[in-house]
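Engineer: Sequential numbering from 24 applies to the sequence shown in our numbering.
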Amino acid sequence: MDNQITYPYIEEFLNALQVPEDGFLRALEENCRQEDIPAAVRPTARLLYLLAAAKAPKQILEIGTAAGYSALVLYLGSNKQANIITIEKDEERFLMARQNLRSFGALDKVKPICGDAEEVLDTLEGPFDLVFIDAAKGASMRYFEKILDKVKPGSMVVTDNVLYGGRTAAPGEPAHKHRTGVRAMREYLDYLCHEPKFYTAVLPVGDGVAITLIKE
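Below you can see the structure in the form of structure tokens.
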């Protein structure tokens, strides 16, 4: 099943419309595409930039660094003012991200950590004004629960890839290899949208983005 969230011609139009302004980001985006490294698609990256710019967060947490692309988007969106912690489990990607952050001159504000996110989260204090979850789909609920004592009223949590190529919303039972991930994501979205302590909007941007406002 290919990505069935939007039509290809719409994706092409939006991608052409929202080319990263920064040359380093354009080169990093292209490298991620060629090397098949996960990176926020252009509409999602633009949304992250807007959220960081509008909220002016002091502390940002990212779960899932990959090559450091979205961390840099958040860094630029915050006008290079936010302190950002970004967690990556894969050591090779962590080293790549750290080098990219160093090359961009962002290591003074963006701190990459290599380790299992659930274990690292236990060592962090917060409070974080903005959190971006972009890691294993089946673990999104666990990550969210781990950060609840590290956010505050008014904090926002952004979860990427919640529509899973359209599988999350598709009628019927998913294929066996996707079943666990789809069920976990459906449960997660149901929780985000019906828990009174949060207010969540689920948007068909990229592979699906959930934006959750912590109310209390």
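In this text, a Cβ means the ideal position worked out from N, Cα and C, and glycines have one as well. No experiment lies behind these values; they were computed from the predicted model shown.
In this structure, does DSSP put Ile170 in helix, strand or coil?
Structural biologist: DSSP places Ile170 in helix when its eight states are reduced to three.
Engineer: Could you check the C-alpha separation between Thr29 and Glu111 for me, to the nearest Å?
Structural biologist: If you take the alpha carbons of Thr29 and Glu111, they lie about 29 Å apart.
Engineer: Who are Gln82's beta bridge partners in DSSP?
Structural biologist: Paired residue(s): Asn106.
Engineer: Between the C-alpha atoms of Lys200 and Lys220, what's the straight-line distance to the nearest angstrom?
Structural biologist: Their backbone Cα atoms lie some 33 Å apart in a straight line.
Engineer: I'd like to check one pair, Gly188 with Thr67: are the Cβ atoms closer than 9 Å?
Structural biologist: No, the Cβ-Cβ distance between Thr67 and Gly188 is not below 9 Å.
Engineer: So Asp131 and Asp157 are supposed to be a Cβ contact under 8 Å. How far apart are they, rounded?
Structural biologist: With a Cβ gap of about 23 Å, Asp131 and Asp157 do not count as contacting.
Engineer: For Leu147, I'd like the list of residues in its chain whose CB is within less than 8 Å of its CB, leaving aside the five on either flank, ordered along the chain.
Structural biologist: So the list reads Leu84, Ile108 and Lys173, once near-sequence residues are dropped.
Engineer: Along the alpha helix (DSSP H) that carries Phe151, what are the first and last residues, could you check?
Structural biologist: Here Phe151 belongs to no alpha helix (DSSP H), and DSSP marks it neither H nor E.
Engineer: Determine the DSSP secondary structure at Asp213, reduced to helix, strand or coil.
Structural biologist: Of the three classes helix, strand and coil, the one that applies to Asp213 here is helix, per DSSP.
Engineer: Assign Leu51 to buried or exposed, taking buried as 16 or more other Cβ atoms, counted over all protein chains shown, within 10 Å of its Cβ.
Structural biologist: Leu51 is buried by the Cβ-count criterion.
Engineer: Are at least three pairs of beta-carbons, each pair with one atom in the segment 136-150 and one in the segment 163-180, less than 8 Å apart?
Structural biologist: A contact exists between the segment 136-150 and the segment 163-180.
Engineer: Would you call the segment 115-135 in contact with the segment 86-98, where contact means no fewer than 3 C-beta pairs closer than 8 Å?
Structural biologist: The segment 115-135, when compared against the segment 86-98, does touch it at the 8 Å Cβ threshold.
Engineer: With the cut-off set at 9 Å, would you say Gln27 and Ala193 are in Cβ contact?
Structural biologist: A contact, by the Cβ cut-off of 9 Å.
Engineer: Less than 8 Å between C-beta atoms, sequence neighbours within five positions excluded: which residues of the same chain meet that for Asn54?
Structural biologist: Closer than 8 Å at Cβ, skipping near neighbours: Ile60 and Ala90.
Engineer: Could you name the residues of the same chain whose beta carbon sits closer than 7 Å to that of Asn38, not counting the 5 residues immediately before and after it, in chain order?
Structural biologist: Correct list, in chain order: Arg65.
Engineer: How about Pro80 and Ser101: are their beta carbons less than 9 Å apart?
Structural biologist: Going by C-beta atoms, Pro80 is nearer than 9 Å to Ser101.
Engineer: Can you tell me which of the three DSSP states Pro66 falls into?
Structural biologist: If DSSP states are grouped into helix, strand and coil, Pro66 belongs with the helices.
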